[in-house]
Amino acid sequence: MYDKIAKKYGGNIVGVQHQSTILQDGTLYDEKFYELFRSDYLSSLNKTRGRE
């Protein structure tokens, strides 16, 4: 879900920690870190609204 949001608004995945989060049932999950700059976000909004 967050990958799609990042792609839509000009963000990027900047890091992944493998098996860094453990749930109560003992399942390990990867954790992703994203960045989204205000300028990229506003630019993508203008493009979707037809304003460049």
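To convert, note that position 46 of the sequence shown is 35 in the numbering used here; the numbers rise steadily by one, no gaps. Note that CB positions come from ideal geometry on N, CA and C, so glycine has one too. Only a predicted model underlies this, so the values are computations on that prediction, with no experimental measurement involved.
What number of angstroms, rounded off, separates the C-alpha of G15 from the C-alpha of S9?
For the purposes of this step, residue 15 is identified with residue 26 of the sequence shown, where counting begins at 1. For the purposes of this step, residue 9 is identified with residue 20 of the sequence shown, where counting begins at 1. Spanning the two alpha carbons is a distance of roughly 12 Å.
Distance, Cα to Cα, L12 vs Q6?
Sequence index remark: in the sequence shown, residue 12 carries index 23 (1-based). Sequence index remark: in the sequence shown, residue 6 carries index 17 (1-based). So the two alpha carbons sit approximately 15 Å from each other.
By the DSSP assignment, the beta strand (DSSP E) with T37 in it spans what residues?
For this step, residue 37 is matched to residue 48 along the sequence shown. First-last for T37: 27 to 37, but that is the alpha helix (DSSP H), not the beta strand (DSSP E).
Under the assumption that Y23 contacts Y(-2) (Cβ atoms under 8 Å), give the Cβ distance between them as a whole number of angstroms.
Within the sequence shown, the letter at position 34 stands for residue 23. Within the sequence shown, the letter at position 9 stands for residue -2. Not confirmed; about 10 Å, so no contact.
Using only alpha-carbon positions, find the residue among E20, L25, F26 that is nearest to G4.
Here the question's residue 4 lines up with position 15 in the sequence shown. Residue E20 is the option with its Cα nearest to G4.
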